[in-house]
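Residue numbers (the numbering used here): 5 to 281.
Just so it is clear, CB atoms sit at the ideal spot from N, CA and C, and this is done for glycine as well.
Here it is in structure tokens:
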């Protein structure tokens, strides 16, 4: 059985590598199946389809969606959706707009602290991909306000610092409904370092299909706990490296190491097929 990584990022959002470069690296790691899960965009997935076919890699549809729940942002991993479903594509367009509006608000906040920065600089840093806080961090580093990404987040870009900024992301209920109607399967992303057990239980009650049990931020005991939880609720198990590219994330060394078995991919496919009928 081959190994799979269902959580990777490209330059279409906050990753360092173009989809074709990422897929070549994935081939070197010996992975059989992968999902490109950029933030609120399937651009990277679409850009990688041809290369994946050439390399003999199974590239399944994927995206990491931002949703609102209890006035906070949560990340959901969507897979196996119909990439031509108009309602799903409309949701992605709305998410892109929400990202830009949120980044505009972040820029205004940074300006209020005395930082010389504008939205165009951040959009240029993103290379016309979906903008995110890592792009703002890169601008702060280039301008000498901070020495690195971690400092940028601690001093200026943490969720706590930005908690009063309102966003227009879709609600968790809407993201789940639209994804599932597009034959997609949706999993709670990297819950270990973010939510309490009570919060996870509440999120699962919204109708999620699975839990990302395998992730670099989850040690063995955490993985085992989430697997047992998923099994007890008859939920799917997903996982991956959360790879972003050299220097972009502490998780980058785990590409090709933090993986899941093909049997979990088969479960995703079965559920998606049922939703097509």
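- A residue is called buried when at least 16 other Cβ atoms come within 10 angstroms of its Cβ; residue 41 meets this threshold and is buried.
- Rounded to the nearest angstrom, the gap between the Cα atoms of residue 248 and residue 105 is 24 Å.
- For residue 181, no pairing in a beta bridge is given by DSSP.
- Here residue 261 is exposed. Its C-beta has fewer than 16 other C-beta atoms within 10 Å.
- For the options 227, 274, 99 and 27, the alpha carbon positioned closest to that of residue 133 is the one of 99.
- Between the alpha carbons of residue 63 and residue 168 lies a gap of roughly 38 Å.
- For residue 110, the secondary structure class from DSSP, reduced to helix, strand or coil, is helix.
- Annotation: the continuous alpha helix (DSSP H) that includes residue 236 extends over 224 to 236.
- For residue 26, there is no enclosing beta strand (DSSP E); the enclosing alpha helix (DSSP H) has its first and last residue at 23 to 32.
- Proximity to residue 130 across 259, 274, 21 and 81 peaks at 21, based on C-alpha coordinates.
- Taking all protein chains in view, the Cβ of residue 202 is surrounded by fewer than 16 other Cβ atoms within 10 Å, so the residue is classified as exposed.
- Exclusion of the five residues before and after residue 121 leaves 111, 114, 115, 140, 143, 144 and 147 as the residues of its chain whose Cβ lies within less than 8 Å of its Cβ.
- For residue 25, the closest alpha carbon among the candidates 55, 119, 94 and 279 is that of 55.
- The DSSP assignment places 123 to 129, 137 to 146 and 153 to 156 as complete runs of the alpha helix (DSSP H) inside the region 99 to 171, in order along the chain (cut-off: 4 residues).
- The C-beta of residue 92 has 16 or more other C-beta atoms within 10 Å across all chains shown, which makes the residue buried.
- Residue 38 has 9 and 63 as its beta-bridge partners, per DSSP.
- The closest CA to that of residue 38, considering only 19, 18, 66 and 190, is found on 66.
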